[in-house]
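Numbering (the numbering used here), first residue to last: 9 to 572.
By construction, the Cβ of each residue, glycine as well, lies at the ideal position given by its N, Cα and C atoms.
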RNA sequence: UGGGGAUUGGUCCAGUGGUAGGACGGCAGACUCUGACUCUGCAAGCCCUGGUUCGAACCCAGGAUCCCCAGCCA
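Take a look at the structure:
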């Protein structure tokens with residue numbers, strides 16, 4: 009159980025933790041935690057953190073707590089708590105009995121503050137926000153001490169108790185740590201520990217009007233929960249000396265903090281602020297819009313939890329600032345869905361085909377494989393009849409070189425069906441558009457093999473016109489047109505106008521009538537799709553494209569292959 | 001011009017004194033009732049400059065570049 013090398017591959021954090029287990033540093037225990045603030049929805053970057061924290065706990069037989077860092081009632085809401093828990097569970101992680109909230113520790117935190125005051129390590133400051141900012145100095149100049157810095161302990165105690173009793177207005181007084189205004193680390197220049205906030209907290213209601221700052225809550229919360237390894241992102245690296253100072257001053261359990269780089273993904277943004285704007289300004293339909301990198305968006309798009317976990321394993325954990333290519337995420341979901349998704353035939357841009365020599369009114373049931381990667385998944389029947397729909401791209405009046413599909417005089421195989429040869433086509437006089445293709449079939453080729461052994465280069469998918477279901481299909485592409493939208497002045501100027509294409513008259517095979525919301529399919533030769541969990545209805549199916557299949561023909565043709 | 005962190009093919013991650021490796025992406029083939037999957041091959045890298053050493057991606061010195069920090073946000 010103590011071998012993170014088995015399948016996960018290791019990283020510098022797992023190396024440290026494994027070493028700590030060997031040396032019995034924490035009595036062999038491993039306790040980690042995933043500490044989101046309930047002020048937004050979880051995204052793929054949080055998945056990385058969860059896979060690290062819950063993953064390490066799982067691999068070492070330790071435990072991982074889910075703790076909400078809810079120290080700012082003006083920004084946090086219960087709605088977020090609910091969605092975060094749902095997303096954590098969906099990814100497959102289990103916090104067991106360890107669901108915690110920083111707000112559970114408000115009383116303990118208050119006592120810690122009293123303790124620091126009594127030790128002469130904290131003081132109540134009367135300066136206002138602007139004065140404190142001015143007194144902090146700059147990156148190159150030291151700060152100045154507050155005139156209230158040397159208040160007697162008794163006076164500080166009295167004032168802090170009165171802060172708790174709501175005797176002061178917001179901004180009038182704060183509790184500050186008494187550290188070093190000349191420190192080159194700005195976090196050590198007497199940071200604010202407590203502020204007055206007359207806001208209703210989503211869990212503690214109006215019980216408090218003073219709230220601890222994150223820096224005063226996080227380390228102690230970890231300490232209270234006896235966390236052994238406090239894993240966080242790099243921006244907290246220079247807060248570590250402050251946490252050390254507080255924990256040492258309080259003389260309580262001191263977790264080991266280790267920082268790692270947060271995830272960045274190409275063609276998207278992962279800052280809560282920007283994601284919020286996308287939602288609020290209506291650039292997307294909501295937090296769960298399938299174009300969003302949120303876990304709810306990815307879920308609705310059709311990403312499986314397994315594919316996201318695999319992705320997190322592959323990107324590794326290190327300290328350098330990076331941007332992982334979204335192509336890797338796509339690869340992971342294709343790899344997973346290839347193994348699991350049931351195959352079906354769906355025509356996104358229907359083109360009518362009439363098999364002229366097939367008896368009118370006759371219907372045959374052909375057998376289609378559910379998943380060639382997994383024979384145990386069985387087969388299903390697809391109806392074949394005289395009139396079919398094929399993908400309009402699969403027919404060319406004037407085929408380019410290396411085009412193996414249908415064209416005048418060419419023979420192709422209908423997947424699981426017959427060989428057909430194009431005998432002619434009808435055009436709409438006014439538009440010049442091909443509206444019907446006429447073919448003849450070879451009855452000897454039923455099932456897709458020719459008794460005379462002749463081969464065809466192309467196999468195309470199809471649906472029976474009379475049996476097919478009409479469906480809406482939503483094609484998704486990157487939300488942004490540039491690899492690093494974060495580096496653009498206004499990311500809204502690089503939004504991809506083609507990130508969503510809605511196709512309304514697609515035809516899918518009849519076996520999909522019962523397709524359940526969230527169900528994954530591979531539409532053969534097209535891509536991976538899933539039934540939209542919000543808008544799909546029996547009789548009015550809506551499919552979301554999770555990812556395209558790799559398309560080497562599109563490359564030969566020089567196109568992108570991703571477009572509608 | 002303060003403090004902290006980082007720098008290995010296009011991208012991400014390994015390698016921590018002894019011939020630089022994997023994955024994704026790219027290119028070229030093979031296979032194929034999905035131009036999918038799978039398989040094979042190819043191209044492509046140690047930020048720079050010195051030093052130590054028989055030998056440096058790794059150790060030392062200097063330099064460069066990038067990221068984070070001046071919320072009563074987390």
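Who are the near neighbours of residue i in its chain, counting only those whose CB is closer than 7 angstroms to its CB and skipping five residues on each side?
| i | result |
| --- | --- |
| residue 229 | 75, 110 and 113 |
| residue 232 | 113 and 116 |
| residue 104 | 71 |
| residue 409 | none |
What is the DSSP secondary structure of residue i, counted as helix, strand or coil?
| i | result |
| --- | --- |
| residue 463 | coil |
| residue 415 | coil |
| residue 470 | strand |
| residue 427 | strand |
| residue 113 | helix |
| residue 13 | Low confidence applies to residue 13: its pLDDT is 34, below 50, so where it sits in the model is not reliable enough to give any reading. |
| residue 329 | coil |
| residue 56 | helix |
| residue 262 | coil |
| residue 27 | helix |
| residue 122 | helix |
| residue 363 | strand |
| residue 291 | coil |
| residue 369 | coil |
| residue 215 | coil |
| residue 305 | helix |
| residue 334 | helix |
| residue 316 | helix |
| residue 208 | coil |
| residue 344 | helix |
| residue 452 | helix |
| residue 176 | coil |
| residue 127 | coil |
| residue 358 | strand |
| residue 252 | helix |
Please report the straight-line C-alpha distance between residue i and residue j, rounded to a whole angstrom.
| i | j | result |
| --- | --- | --- |
| residue 93 | residue 251 | 27 angstroms |
| residue 365 | residue 388 | 26 angstroms |
| residue 258 | residue 137 | 27 angstroms |
| residue 202 | residue 324 | 37 angstroms |
| residue 135 | residue 153 | 11 angstroms |
| residue 3 | residue 274 | The displayed coordinates of the chain run from 9 to 572. Any statement about residue 3 would go beyond what the structure contains. |
| residue 216 | residue 141 | 25 angstroms |
| residue 81 | residue 174 | 16 angstroms |
| residue 63 | residue 32 | 20 angstroms |
| residue 489 | residue 535 | 21 angstroms |
| residue 480 | residue 52 | 27 angstroms |
| residue 168 | residue 132 | 7 angstroms |
| residue 234 | residue 96 | 22 angstroms |
| residue 261 | residue 318 | 34 angstroms |
| residue 19 | residue 322 | 11 angstroms |
| residue 451 | residue 469 | 18 angstroms |
| residue 566 | residue 444 | 27 angstroms |
| residue 207 | residue 558 | 52 angstroms |
| residue 405 | residue 449 | 19 angstroms |
| residue 10 | residue 463 | Residue placement at residue 10 is poorly supported in this model, since its pLDDT is 32, which falls under 50; the coordinates still yield a value, given next. Approximately 55 angstroms, taken between the alpha carbons. |
| residue 554 | residue 218 | 46 angstroms |
| residue 157 | residue 504 | 53 angstroms |
Can you list, in chain order, the residues of its chain whose CB lies under 6 angstroms from that of residue i, leaving out five sequence neighbours each side?
| i | result |
| --- | --- |
| residue 543 | 550 |
| residue 400 | 357 and 359 |
| residue 517 | 352, 353, 390 and 471 |
| residue 386 | 378 |
Whole-angstrom Cβ separation of residue i and residue j, contact assumed at under 8 angstroms?
| i | j | result |
| --- | --- | --- |
| residue 79 | residue 220 | 5 angstroms |
| residue 506 | residue 540 | Residue 506 to residue 540, Cβ: 19 angstroms. No contact. |
| residue 519 | residue 352 | 7 angstroms |
| residue 301 | residue 98 | Not really, about 15 angstroms apart at Cβ, beyond 8 angstroms. |
| residue 552 | residue 310 | 6 angstroms |
| residue 288 | residue 267 | At roughly 31 angstroms, the Cβ-Cβ gap does not stay under 8 angstroms, so residue 288 and residue 267 are not in contact. |
| residue 432 | residue 416 | 7 angstroms |
| residue 477 | residue 425 | About 18 angstroms separates the two Cβ atoms, so there is no contact after all. |
| residue 182 | residue 200 | 5 angstroms |
| residue 270 | residue 241 | 4 angstroms |
Using a Cβ-Cβ cut-off of 8 angstroms (strictly less than) and excluding sequence neighbours within five positions of residue i, which residues of its own chain qualify?
| i | result |
| --- | --- |
| residue 176 | 170 and 204 |
| residue 327 | 20, 242, 267, 268 and 269 |
Taking only runs of the alpha helix (DSSP H) that begin and end inside the stretch 510-570, which ones reach a length of at least 4 residues, in chain order? 560-565
My parser needs the beta strand (DSSP E) runs of 3 or more residues fully inside the stretch 217-243; what are they? 218-220 and 237-241
Mind listing, in chain order, the continuous alpha helix (DSSP H) runs of no fewer than 4 residues lying wholly within the stretch 57-101? 86-99
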